[in-house]
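Below is one structure, written out as structure tokens; comments come after it.
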Amino acid sequence: MAAEKANKAEEKNTSDRQKALDTALAQIERQFGKGSVMKMSDRQNT
């Protein structure tokens, strides 16, 4: 029972963190342009 509550809280926390990250990245791209933030695994096409 306690494990279920902890799991649900963790899922909500993860969801909230992902939403906050997406919002921050969208703001940065709007302000500085597309490609201003890249993940380490992404490669830029030249």
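So the mapping is simple: the numbering used here equals the position in the sequence shown, first residue as 1, plus 291.
For every residue, glycine included, the Cβ atom is placed at its ideal position computed from N, Cα and C.
State the DSSP-derived secondary structure class of S306, mapped to helix, strand or coil.
helix
Who are the near neighbours of G324 in its chain, counting only those whose CB is closer than 8 Å to its CB and skipping five residues on each side?
none
I'd like the list of long-range same chain contacts for N304, defined as Cβ closer than 6 Å, with 5 residues on each side in sequence excluded.
none
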